[in-house]
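S.K.: Just dropping this structure here.
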Amino acid sequence: MKAQQDLAEPAWLAQIAQQDRAALSQLYDRYHRIIYAVAFRVLNSAEEAEEVVIDVFSQVWRTANRYDPERSRVDSWLFMMTRSRALDRLRALQRAAKAVAASVEVAQIPFSAQIPDPIEDVLINERRDRVLAALQELPENQRLVLELAYYQGLTQAEIAARTGEALGTIKTRIRLGLSKLRGIIDSV
Numbered sequence: 191m192k193a194q195q196d197l198a199e200p201a202w203l204a205q206i207a208q209q210d211r212a213a214l215s216q217l218y219d220r221y222h223r224i225i226y227a228v229a230f231r232v233l234n235s236a237e238e239a240e241e242v243v244i245d246v247f248s249q250v251w252r253t254a255n256r257y258d259p260e261r262s263r264v265d266s267w268l269f270m271m272t273r274s275r276a277l278d279r280l281r282a283l284q285r286a287a288k289a290v291a292a293s294v295e296v297a298q299i300p301f302s303a304q305i306p307d308p309i310e311d312v313l314i315n316e317r318r319d320r321v322l323a324a325l326q327e328l329p330e331n332q333r334l335v336l337e338l339a340y341y342q343g344l345t346q347a348e349i350a351a352r353t354g355e356a357l358g359t360i361k362t363r364i365r366l367g368l369s370k371l372r373g374i375i376d377s378v
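If you count by my numbering, then the sequence shown holds residues 191 to 378, one letter each, in order.
Take a look at the structure:
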């Protein structure tokens, strides 16, 4: 009986490669319990082991045409996929656990409101005033597109739609406006 099944399994894979669902069902019936057991042993989680079983049989469905009976037996091929999927899932779970731990750690750090630095406030205000003054020196059409982009957060396509201008025109005005703005600010 076992010898007949060993001969049938490569044939099942050949049928699966031809998208035969019945052959996949036969292979699943034969191996899903042992694949689950192997995955559970690695992951120690019923839900994750079930996901591995689904992943393995999905991969079988997609890659059955690549199975080579000269290289390995069907069960060895399945166990190799199972081990690989289970280890991938275990690594992902470990990364997620580290991320959660880091998030919890950061959340436990007491929040301290930063005391504003008066000198930095003055510098920021001076920069803002220089930029606003430089904006006033730009041609109206360049200033308008820059204000829409930076103060209202519109995309170039949204600016084109709002102003009724071509997208290429808007892009050119933004590029020229930024270039002139940079030159004005650098000369101050």
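Note that CB positions come from ideal geometry on N, CA and C, so glycine has one too. Note that the coordinates shown come from a computational prediction; the quantities given were computed from them, not determined experimentally.
1) Using the three-state DSSP reduction, which class does Gly343 fall into: helix, strand or coil?
2) Looking only at its own chain, which residues have a Cβ that is under 6 Å from the Cβ of Gly367, when we skip the five neighbours before and after it?
3) Going by C-alpha distance, which of Leu214, Arg261, Ser266 and Glu260 is nearest Ile166?
4) One question on the structure: do Ala324 and Ile375 come within less than 7 Å of each other, judged by their Cβ atoms?
5) If Leu233 sits next to Arg279, beta carbons under 8 Å apart, how far is it from one beta carbon to the other, in whole angstroms?
6) Taking Val242 and Ala229 to be in contact with their CB atoms under 8 Å, please state how far apart those CB atoms are, rounded to whole angstroms.
7) Is it right to say Leu313 is buried, meaning 16 or more other beta carbons lie within 10 angstroms of its own, or is it exposed?
8) Go ahead and label Thr272 buried or exposed: buried means 16 or more other beta carbons lie within 10 angstroms of its beta carbon, across all protein chains shown.
9) Can you give me the Cβ contacts of Arg365 inside the same chain, cut-off strictly under 7 Å, excluding the 5 residues immediately before and after it?
10) In terms of residue numbering, what span does the alpha helix (DSSP H) encompassing Arg372 cover?
11) The alpha helix (DSSP H) that contains Tyr226, what's its start and end?
12) Apart from the five residues on each side of it in sequence, which residues of its chain come closer than 6 Å, Cβ to Cβ, to Leu371?
13) Among Gln284, Gly354 and Gln209, whose alpha-carbon lies nearest the alpha-carbon of Ser248?
M.R.: In terms of the structure at hand:
1) coil
2) Leu328, Gln332 and Leu336
3) Within the shown structure, residues of the chain are numbered from 191 to 378, placing residue 166 beyond reach of any answer.
4) yes
5) 6 Å
6) 4 Å
7) exposed
8) buried
9) none
10) Leu357 to Ser377
11) Arg211 to Leu233
12) Ala324
13) Gln209
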